[in-house]
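What follows is a set of notes on a single structure, which appears directly below.
2 protein chains.
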Amino acid sequence: MRTILEAQIAESSRAVSDMTDHVGRFRGKQLRGALVLLAGDATGNATDEHPAIAAIVEMIHLATLVHDDVLDGAKVRRRVACVNERWDNQTAVLLGDFLYARAFGLSTDLSSRLASRVLSDATRRICVGEIEQAALRYDFEMPQETYERIAGAKTAVLYGAACELGARYPGGRDEAGALLSQFGNSIGLAFQIIDDCLDLVGEEEVVGKSVGNDIEDGKITLPVLHVYEHTDEATRARMRDVYTGVGVEKRLSKLRAVVELRPGIEFALARAQALVREAQARIQTLPPSTSREALCALGDYVLERSW
Amino acid sequence: MRTILEAQIAESSRAVSDMTDHVGRFRGKQLRGALVLLAGDATGNATDEHPAIAAIVEMIHLATLVHDDVLDGAKVRRRVACVNERWDNQTAVLLGDFLYARAFGLSTDLSSRLASRVLSDATRRICVGEIEQAALRYDFEMPQETYERIAGAKTAVLYGAACELGARYPGGRDEAGALLSQFGNSIGLAFQIIDDCLDLVGEEEVVGKSVGNDIEDGKITLPVLHVYEHTDEATRARMRDVYTGVGVEKRLSKLRAVVELRPGIEFALARAQALVREAQARIQTLPPSTSREALCALGDYVLERSW
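Protein chains in written order, with our numbering: chain A, 1 to 307; chain B, 308 to 614.
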């Protein structure tokens with residue numbers, strides 16, 4: 001899959017290949033690609049085209065990362081300078097567009113149109129989620145469901161699409177597709193919840209990317225929502241000031257000083273754990289296999305990761 | 308086509324629909340959509356799906372505009388505030404992504420995959436062209452062919468794809484497709500050359516968008532290349548200073564003071580005219596029809612536009 005990904009984002013233009021080489025170094029866990037292959041195998045649906053689909057899913061993920069780093073103003077990703085930092089925001093926008101277009105183009109070469117359909121729909125929903133998230137900045141009173149809908153659109157959608165394609169591609173098999181789609185969505189939401197926790201309590205050197213971004217961007221995540229809900233009005237006012245005060249620096253350390261985040265983190269981790277356990281239980285209806293166990297292990301891994 | 312475009316970019320999310328309503332006001336000449344329909348009709352290939360393809364092509368164009376305005380730091384488009392100005396760059400990146408994803412998604416609903424293939428390839432080439440353009444900033448000595456290749460990738464590619472799809476969709480008809488693709492490419496390159504001229508000599512109120520952007524961004528366009536090639540070294544040095552000097556303001560009026568741009572503009576306009584005439588002559592092999600004449604008229608329109 002890795003080789004397919006590298007070969008497929010290769011581009012004859014030197015200016016572009018410099019960049020695709022660079023983002024190739026971002027490649028990390030490749031969980032989404034792995035989900036395509038494992039979901040296919042666990043549901044008895046592995047085809048010759050699954051590795052190509054896995055590479056396309058990873059390429060779409062890479063595009064969202066490159067654009068995400070522009071949106072977040074991030075500087076470091078997996079210990080590699082972000083495209084927006086190494087070149088500039090303009091280049092990062094174009095490179096993300098290039099990766100999206102390349103991914104969609106590759107999906108049109110597959111024998112079934114299912115991948116193009118599922119992935120363009122997933123990409124659209126990811127964008128809608130990000131736009132809604134921007135509209136809900138500084139909203140300390142959004143219901144947990146709203147947070148989860150947005151976090152879901154951001155991350156769970158592509159996990160769900162990867163699992164659904166693994167189980168369904170090239171078509172039919174609606175029941176297996178729905179089962180694995182739900183599995184992927186739950187694991188993806190758990191992943192995002194953990195990600196949001198790491199942005200609050202992780203160390204930059206361990207996480208491998210900038211932390212405290214959500215506070216700088218006014219993104220109110222689950223641990224903060226929980227803490228805010230359960231504290232007094234005076235503390236709430238100080239929390240709001242940390243997020244919204246003009247010229248405030250090092251907002252993350254200030255927030256840590258203003259309020260004890262641990263109960264919020266514990267609440268969020270418990271929610272992530274419940275989502276993973278529910279997802280793991282769901283796929284016990286599949287026949288036992290190494291891949292089914294790997295999917296379960298992947299859920300545990302999401303819970304345990306510190307980077 | 309306009310109604311299809313509006314209905315198809317509609318989105319249930321309020322945050323997104325505010326923005327799609329806003330960019331709906333950018334809709335201008337819709338030349339690319341018109342090309343799909345006219346190329347279909349002129350080659351005897353109009354199908355029920357042509358209006359949907361036209362709307363998808365316009366949606367992709369809208370996505371490139373929204374991202375382009377981020378890249379250019381533009382403030383006004385067709386007398387309407389740009390998305391990056393009305394909201395922010397982040398939102399503009401996401402909205403562009405949304406429009407791309409929606410367009411690809413709609414193309415996967417068509418009966419033939421040709422549109423998905425041609426349009427994802429065109430989008431990829433547009434991105435590569437923009438990235439190469441960024442890499443060639445401040446290059447006053449690039450050959451005219453290089454300028455045309457980049458200008459072509461930026462604009463001609465989507466004109467060519469629109470015409471090709473009009474003539475070929477749902478498939479086969481390679482000869483008509485190649486003929487109309489060449490027609491669209493030539494007209495599109497002429498359009499970009501005129502656009503580059505307007506950015507140098509147009510008035511903001513007439514053009515309906517900011518002018519002088521290319522100079523601020525270090526984009527060396529055909530009129531400037533020509534003037535630079537035919538002037539003395541002292542003037543060349545002053546031209547370079549206008550583009551590259553730190554803290555220089557109103558670069559466009561300074562450039563006009565440093566060098567007479569008119570010969571470059573005349574050279575570029577002559578090139579645009581030659582491209583249009585060649586394109587018009589090429590489609591005289593098609594049987595006479597109102598649509599064929601409309602395609603020819605559209606070429607004249609590209610030459611005559613001042614906005």
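Using N, Cα and C, we set each Cβ at its ideal position, and we do this for glycine too. Because the structure is a prediction, the values reported are computed rather than measured.
Beta carbon proximity, residue i to chain A, threshold 7 Å
i        : result
B:Gly412 : yes
B:Val323 : yes
B:Ala341 : no
7 Å Cβ cut-off: residues of chain A touching residue i
i        : result
B:Glu437 : Leu94
B:Arg409 : Arg124
Spatial distance of residue i from residue j (CA atoms)
i        : j        : result
B:Asp506 : B:Thr371 : 18 Å
A:His50  : A:Leu286 : 19 Å
A:Val43  : B:Phe490 : Per the sequence shown, residue 43 of chain A should be read as Thr rather than Val. If I take the Cα positions, the gap works out to 50 Å.
A:Val248 : A:Arg240 : 12 Å
B:Val518 : B:Lys557 : 11 Å
B:Glu600 : A:Ala54  : 48 Å
A:Tyr169 : A:Thr155 : 21 Å
B:Arg444 : B:Gly525 : 5 Å
B:Ile494 : A:Asp97  : 25 Å
B:Ile438 : B:Tyr608 : 29 Å
A:Pro308 : A:Gln192 : With chain A running from 1 to 307 in the structure shown, residue 308 of chain A is simply not present.
B:Leu487 : A:Ala178 : 44 Å
B:Arg545 : B:Pro570 : 18 Å
B:Arg424 : A:Ser112 : 13 Å
A:Thr91  : B:Ala399 : 15 Å
A:Glu141 : A:Leu269 : 20 Å
B:Asp395 : A:Thr221 : 22 Å
B:Glu536 : B:Asn492 : 26 Å
B:Ser427 : A:Leu99  : 11 Å
A:Val276 : A:Val258 : 31 Å
B:Cys603 : B:Gly552 : 43 Å
A:Ala279 : A:Tyr243 : 34 Å
A:Leu298 : A:Arg32  : 11 Å
A:Phe267 : A:Leu225 : 10 Å
Min CB distance residue i to chain B below 7 Å
i        : result
A:Asp21  : no
A:Ala161 : no
A:Asp97  : yes
Residues that residue i contacts on chain A, provided the C-beta gap is smaller than 8 Å
i        : result
B:Asp502 : Per Cβ cutoff of 8 Å: no residues; B:Asp502 is ~18 Å from chain A at best.
B:Tyr454 : Within chain A, no residue comes near B:Tyr454; the closest Cβ sits about 15 Å away, beyond 8 Å.
Residues that residue i contacts on chain A, provided the C-beta gap is smaller than 9 Å
i        : result
B:Tyr592 : Contrary to the premise, residue 592 of chain B reads as Thr rather than Tyr in this sequence. Those do not exist, as B:Thr592 stays about 30 Å from chain A at its closest Cβ, beyond 9 Å.
Partner residues on chain B for residue i, Cβ-Cβ distance less than 7 Å
i        : result
A:Thr108 : Arg420, Ser423, Arg424 and Ser427
Chain B contact residues for residue i, given Cβ-Cβ distances below 8 Å
i        : result
A:Thr155 : In chain order: nothing, as chain B lies at least about 15 Å away.
- Item | chain A contacts made by the region 421–434 of chain B, where a contact means CB separation under 7 Å | Ser423, Arg424, Ser427, Asp428, Thr430, Arg431 and Cys434
- If you measure beta-carbon to beta-carbon, which residues of the region 529–557 of chain B are closer than 9 Å to chain A? none
- Could I get the ranges of all uninterrupted alpha helix (DSSP H) runs contained in the region 166–239 of chain A, with 4 residues as the minimum, in chain order? 174–201, 204–207, 213–217 and 222–229
- Task: Jot down the residue ranges of each uninterrupted alpha helix (DSSP H) in the region 113–177 of chain A, minimum 4 residues, whole runs only, in chain order.
- Result: 114–135, 144–151 and 157–168
- Message: Please give me, in chain order, every unbroken run of the alpha helix (DSSP H) with length at least 4 that falls completely inside the region 582–611 of chain B.
- Response: 597–611
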